[in-house]
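Worksheet for the structure shown next.
Residue numbers (this note's numbering): 20 to 417.
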């Protein structure tokens, strides 16, 4: 318990620059590779695929552009119909460019979900998920530490896993000093980025595969949500997206069992589902595997956790794997399975994972960044909270 409190206190502080050079270097490489995917899609939607797609390809090879340019090209944070600009315009009563608890009309719990810097007041920094921002730095540091502790890779750190970490670090001493705690928190991220540098070839191949499976005409914020009807993993029911129209907002969660990011954030999404299921529909869409053993091979995390899955070739096979995923990750919310031709995953750019919010009118209110790097439940929940506040205001004005 004491170590847990120490760790929590340390993580709240802005991350120190341990391994900054290594992290920025590998981040630039990886972000540039993602730019080859995201840049091509963005360019295609804007009618500039030839010129900008070429620039993205150059960035991916590292032949052009500084690290800063690669950072700017890469990070695809989410897009939302309601954001900090809307919040401050609607609720900053004293016009001091902040929104405190007395100005925010929602619950204390919702205020806490928005206050990502934990300082008791909402500012633009609470909504800045850019690569170099405090939130991204905190999230990446925590993510690397969490994955190193969560040896079962199910998105939940158990008592046994936490104690095993402490025993490994403390060894025979039975305690940690301040320097060792610092290493415990920040070293996993340094190791993670070094591995990403060494394995860049496989990452680039993965992202190239993602590019071929993303539709250039992805649903944008404000668009009518493309409809689909898919079956549940057990085959007993089907769900049509448009059936929710006029009732509740819908959170769409695309993902698959062999995607480590999807597993890491799964329990956070389940807890969000339990918090909000009375007011929001949650629908998981199971898509094709990210790291099947018969194609890309398992990641080191998958191998350690025993998640060794071949790419399903029939819908029944995919439903079976989706059922395994639900059981392993303790998924209680609704889950449907994409057709074996991957039509829904392609139409939504949902492979290997992605988040969307659909408003009551059936329009896209939030489009998360392309997975796995843009898969950000914290950012998505902020958008969901603001959307619900906006809808409450609209209902009152009618």
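Don't be surprised by glycine CBs; every beta carbon is placed ideally from N, CA and C.
For residue i, the nearest candidate out of the options (CA to CA)
i           : options               : result
residue 378 : 405, 367, 394 and 389 : 405
residue 164 : 210, 273 and 403      : 210
residue 309 : 328, 134, 162 and 397 : 328
residue 159 : 392, 319 and 410      : 392
residue 254 : 337, 247, 203 and 295 : 337
residue 324 : 380, 174, 293 and 248 : 174
residue 170 : 206, 279, 370 and 260 : 279
residue 183 : 168, 191, 101 and 172 : 168
residue 384 : 372, 390, 399 and 344 : 399
residue 284 : 386, 212 and 172      : 172
residue 344 : 110, 282 and 264      : 282
Boundaries of the beta strand (DSSP E) in which residue i is found, first to last residue
i           : result
residue 274 : 269-274
residue 257 : 257-259
residue 301 : 300-305
residue 248 : 248-251
residue 354 : 354-356
Bounding residues of the alpha helix (DSSP H) (the contiguous stretch that carries residue i)
i           : result
residue 362 : 362-367
residue 188 : 178-189
residue 294 : 279-295
residue 133 : 127-133
residue 345 : 334-347
residue 310 : No alpha helix (DSSP H) contains residue 310, which DSSP labels as neither H nor E.
residue 160 : 153-168
residue 320 : 319-324
residue 106 : 103-110
Distance between residue j and residue i (C-alpha atoms, nearest Å)
i           : j           : result
residue 257 : residue 251 : 6 Å
residue 317 : residue 311 : 6 Å
residue 107 : residue 140 : 12 Å
residue 322 : residue 395 : 24 Å
residue 238 : residue 244 : 7 Å
residue 166 : residue 349 : 18 Å
residue 269 : residue 123 : 23 Å
residue 330 : residue 342 : 15 Å
residue 176 : residue 189 : 18 Å
residue 306 : residue 356 : 7 Å
residue 275 : residue 126 : 33 Å
residue 145 : residue 334 : 42 Å
residue 128 : residue 402 : 15 Å
residue 131 : residue 314 : 42 Å
residue 197 : residue 339 : 47 Å
residue 82  : residue 347 : The pLDDT assigned to residue 82 is 37, lower than 50, so where the model puts this residue is not dependable, and the model offers no usable value.
residue 351 : residue 296 : 11 Å
residue 27  : residue 157 : Note that residue 27 scores 40 on pLDDT, short of 50, meaning its location in the model is unreliable; the coordinates nonetheless yield the value given after this. Distance between the alpha carbons of residue 27 and residue 157: 12 Å.
residue 248 : residue 376 : 17 Å
Bridge partner(s) assigned by DSSP for residue i
i           : result
residue 98  : 386
residue 373 : 273
residue 141 : 118
Short CB-CB distance (under 7 Å) between residue i and chain B
i           : result
residue 106 : The displayed structure is made up of one protein chain only, and chain B is not part of it.
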